[in-house]
Amino acid sequence: MENKKDKTEESKIKESSRRKFLKSGFAIGAGTVLAGGIISSVSKVQAETSGNKIKVLTTNGKVIEINKSILEEYKLKPCDHTAKNHAREGIPYRKFTMVVDIGKCNNARKCIEKCQEAHHLAPDQEWMKVYKMQESKEMAPYWFPKSCYHCDNAPCTDVCPVSATFKRSDGIVLVDSDQCIGCKYCMVACPYEARVFNWRKPDISDDVANQEYCPETSVPPKSGTVGKCDFCPDMIREKKLPHCVTACPNGAIYFGDIKEDVISNGDETVRFSEIMEAKSGYRYMEYFGTEPSTYYLPPVDRIFPFKDEKKTDS
99 MENKKDKTEE
109 SKIKESSRRK
119 FLKSGFAIGA
129 GTVLAGGIIS
139 SVSKVQAETS
149 GNKIKVLTTN
159 GKVIEINKSI
169 LEEYKLKPCD
179 HTAKNHAREG
189 IPYRKFTMVV
199 DIGKCNNARK
209 CIEKCQEAHH
219 LAPDQEWMKV
229 YKMQESKEMA
239 PYWFPKSCYH
249 CDNAPCTDVC
259 PVSATFKRSD
269 GIVLVDSDQC
279 IGCKYCMVAC
289 PYEARVFNWR
299 KPDISDDVAN
309 QEYCPETSVP
319 PKSGTVGKCD
329 FCPDMIREKK
339 LPHCVTACPN
349 GAIYFGDIKE
359 DVISNGDETV
369 RFSEIMEAKS
379 GYRYMEYFGT
389 EPSTYYLPPV
399 DRIFPFKDEK
409 KTDS
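Numbered according to the working numbering, the sequence shown spans residues 99 to 412.
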C-alpha cells in the first residue's frame with residue numbers, strides 16, 4: 099500500500115511538472131536552441147529523473163534538462179489526423195515574427211529557391227520576392243526581400259467569403275486550399291501584393307500529389323487556388339526554422355517569438371526588443387493599419403557593397 103501511494107504521489111508530481119511546462123508555452127525550442135534556433139520559454143520546471151534528457155534554454159538564460167517524452171507528447175506533427183483543426187488554432191502561447199536585416203541581403207535568392215523547392219512551386223511562382231529599392235537618386239540602392247507579412251489586422255481574412263484564409267492565435271495567416279474557391283478577393287485586398295494565384299495544374303510527382311493536404315504544409319499545391327508565404331508552421335512544429343531563414347547564406351532573415359522576445363537566423367540568437375531599438379527597426383507601409391508581423395532593419399552596416407548583377411523585380 100505504501101509503495102502504491104508513493105508511486106501515485108510521484109505520478110502526480112510528474113504530471114504537475116509536465117502541465118506547468120506546457121502552460122509556460124513550450125512549442126518549438128529544445129533542439130534548435132543550442133544549435134542557434136529559437137529559445138523556448140520554459141521556467142521553474144525541473145527535469146524528471148528518468149528517461150532521455152534534452153537541454154533547453156529558459157527565458158532568463160539558464161540551460162536546464164527536461165525529459166524528452168514531454169516534447170513528444172506535446173508536439174503535433176503536420177497532417178496527422180488532428181492537424182486540420184490544429185492548423186486553424188495555431189501553436190499555443192506563441193506570437194511569431196520575422197525580421198529582415200536589409201544590410202545583409204545581396205539578392206542571392208537562396209531564400210526564394212528553397213521556398214519553391216519545399217512547397218513545390220513553379221519557377222515563376224515566388225512567395226518571397228527580392229526587390230531593388232532606392233529612396234532617391236542621391237541615396238544608395240539596396241535589396242528588399244518581401245513576402246506575406248502575416249498582419250494582425252489582415253484585410254485578406256476579412257474579405258474571404260468562405261474563410262479559406264484565416265488568422266491563427268500564434269499570428270500566422272494561412273490559406274486552406276481545400277476551402278479556397280479562387281475568387282481572388284484576398285489578392286485584391288492585400289496592400290502588399292503578397293499572394294500568388296495557381297493558374298495551372300502543378301507539375302509535381304505522384305508521391306507529392308497523393309500526399310494528404312494540410313494548410314500547415316501548403317502541400318500539395320492545387321490549381322485554381324491562392325498561395326503565399328506560410329511561415330513554415332510544419333517546420334516550427336518540428337523545432338526548426340523556416341526554409342528561407344536557414345537557406346540565406348548571409349543570415350539576413352531572423353525568425354522567432356515576440357512573446358519570448360527572441361529571434362534567430364540559425365547562426366545567432368538575439369533579443370527582438372534590443373535589436374529593434376539598437377538598429378531602429380520598422381515595419382513596411384504600416385500606415386495601412388495592418389500591423390505586419392514582419393520587421394526590417396535599415397540597410398546600414400552593410401557587409402558588402404550593392405551590386406546589381408541579376409535581373410530582379412523593380
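Just so it is clear, CB atoms sit at the ideal spot from N, CA and C, and this is done for glycine as well.
query                                                                                                                       : result
First and last residue of the uninterrupted alpha helix (DSSP H) at methionine 285                                          : 283 to 287
Of the listed residues Cys209, Phe370, Ile210, Asn204, nearest to lysine 230 (C-alpha basis)                                : Asn204
Reference tyrosine 191, options Lys357, Val398, Pro403, Phe386, closest by Cα                                               : Lys357
Residues of its chain near lysine 244, where Cβ-Cβ distance is below 6 Å and the 5 sequence neighbours each way are ignored : Lys227
Short Cβ contact (8 Å threshold) for methionine 237 with isoleucine 351                                                     : no
Arginine 186 and phenylalanine 264 closer than 8 Å at C-beta                                                                : yes
Rounded Cβ spacing between leucine 219 and proline 340 (contact assumed at less than 8 Å)                                   : 15 Å between Cβ atoms; not a contact.
Exposure of tryptophan 297, with buried meaning 16 or more beta-carbon neighbours within 10 Å                               : exposed
Contact check, cysteine 209 vs cysteine 254, beta carbons under 8 Å                                                         : no
Span of the alpha helix (DSSP H), counted from its first residue to its last, around isoleucine 334                         : 331 to 335
Three-state secondary structure (DSSP) of proline 253                                                                       : helix
Short Cβ contact (8 Å threshold) for lysine 212 with cysteine 342                                                           : yes
Integer Cβ distance of valine 273 from lysine 326, believed to fall under 8 Å                                               : 6 Å
Contact set for methionine 374: own chain, Cβ-Cβ below 7 Å, skip 5 residues either direction                                : Tyr393
Helix, strand or coil at glutamate 236 [DSSP, three-state]                                                                  : coil
Buried versus exposed call for glutamine 214 [16 or more other C-beta atoms within 10 Å across all chains shown]            : buried
Among Cys258, Val398, Asp355, Pro313, nearest to aspartate 268 - alpha-carbon criterion                                     : Asp355
Residue of Glu384, Gly349, Phe402 minimising C-alpha distance to tyrosine 247                                               : Glu384
One or two residues paired with cysteine 421 in a DSSP bridge                                                               : A query on residue 421 cannot be resolved here, the shown segment of the chain reaching from 99 to 412 and no further.
Three-way DSSP call (helix, strand, coil) for threonine 196 in this model                                                   : Sequence inspection shows methionine at residue 196; the threonine mentioned does not correspond to that position. Here methionine 196 sits in strand by DSSP.
Residues near valine 260 by beta carbon distance below 7 Å, same chain, minus five either side                              : Gln277, Ile279
Limits of the beta strand (DSSP E) - the one that valine 228 falls within                                                   : 227 to 231
Range covered by the alpha helix (DSSP H) that runs through glutamate 163                                                   : Unbroken run through glutamate 163 is the beta strand (DSSP E), 161 to 165; no alpha helix (DSSP H).
Paired residues, beta bridge with aspartate 355 - DSSP                                                                      : Phe194, Val360
Cβ pair lysine 282, valine 317 closer than 8 Å                                                                              : no
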